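Note sheet for the following structure.
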Amino acid sequence: LEKEVAKLEKDVEGFKESDGEYAEFYLEAAEKDLATKKAKLAEAKIKAATKKAELEPELEKAEAELENLLSTLDPEGKTQDELDKEAEEAELDKKADELQNKVAELEEELSKLEDNLKDAEINNVEDYIKEGLEEAIATKQAELEKTQKELDAALNELGPDGDEEETPAPAPQPEKPAPAPAPKPEQPAPAPKPEKSADQQAEEDYARRSEEEYNRLTQQQPPKAEKPAPAPK
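Under full-length UniProt numbering, the first residue of the sequence shown carries the number 1, and numbering increases by one thereafter.
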């Protein structure tokens, strides 16, 4: 997608400089295609960042488990129960940090998605792109809400052992209104996939045809002006 965006940007510049008969038509079409590609690229980057964020906690958890196993091999006069308790607390502490980072990342990604949707609405981008962004926003909001609940639970576990400390759990409820606009779960997300592949193919064909037409226009016009000059009489 990044290559396609770069190519379209070059095409747009080329059409702007061209004096061809259809240059304005191709410029308008290329600019529209460029806006579509940029929206898709932004969405793809967000998905890639989300996937990366999902995999990182698993890797860190595996590393924590390995560290816990190695720590049991260091005899410092502590009982196994003490070592287990320390390891559990350390893992909880790490989990809370990971969840806090993930919440911050999700909030940032959600904000970017909302900005992309606003840009798409301003630029009158195709409906299927706006629908895709809306579905991505709903998914991200649901993920944010779930992660926030996990973080609240982890912070609760890190408090004192008494039962009284767990009663303030309702405190984080004010944060729930933020993800309220999430309409439906992730079920409708797969719907636009077949459309995207078809549209991508059509857009690639269109970009190829536009480039060929542009090349013909720029190559054919100059020689035509030179031929009628000699008038044999």
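We put the beta carbon where it would ideally sit given N, CA and C, even for glycine. Only a predicted model underlies this, so the values are computations on that prediction, with no experimental measurement involved.
- Is the Cβ-Cβ distance between residue 144 and residue 99 less than 8 Å? With contacts defined as CB atoms closer than 8 Å, residue 144 and residue 99 fail to qualify as a contacting pair.
- Message: Does any residue of chain C have a CB that is nearer than 8 Å to the CB of residue 111?
- Response: Among the chains of the structure shown, chain C does not appear; only one protein chain is present.
- Message: If distances are taken between C-alpha atoms only, which option among 124, 49, 117 and 85 comes closest to residue 31?
- Response: The option with the nearest alpha carbon to residue 31 is 124.
- At a cut-off of 7 Å, is residue 56 close to the ligand MN when judged by its beta-carbon and the heavy atoms of the ligand? The ligand MN is absent from the structure shown, which contains no ligand whatsoever.
- Alpha carbon to alpha carbon, what distance is there between residue 103 and residue 138? Cα to Cα, the separation comes out at about 15 Å.
- Task: Please look up how many angstroms separate the CB atoms of residue 92 and residue 154, rounded, as I've assumed it's under 8 Å.
- Result: Taking the Cβ atoms as the reference, residue 92 lies roughly 6 Å from residue 154, within the contact range of under 8 Å.
- Go to residue 125, then tell me how far its alpha helix (DSSP H) extends in each direction, as first and last residue. Under the DSSP assignment, residue 125 falls outside any alpha helix (DSSP H); it carries neither an H nor an E label.
- Query: Can you tell me the Cα-Cα spacing of residue 65 and residue 85, whole angstroms?
  - Reply: Distance between the alpha carbons of residue 65 and residue 85 is about 13 Å.
- Message: Taking the straight line between their C-alpha atoms, what separation do you get for residue 146 and residue 70?
- Response: A direct Cα-to-Cα measurement between residue 146 and residue 70 gives close to 32 Å.
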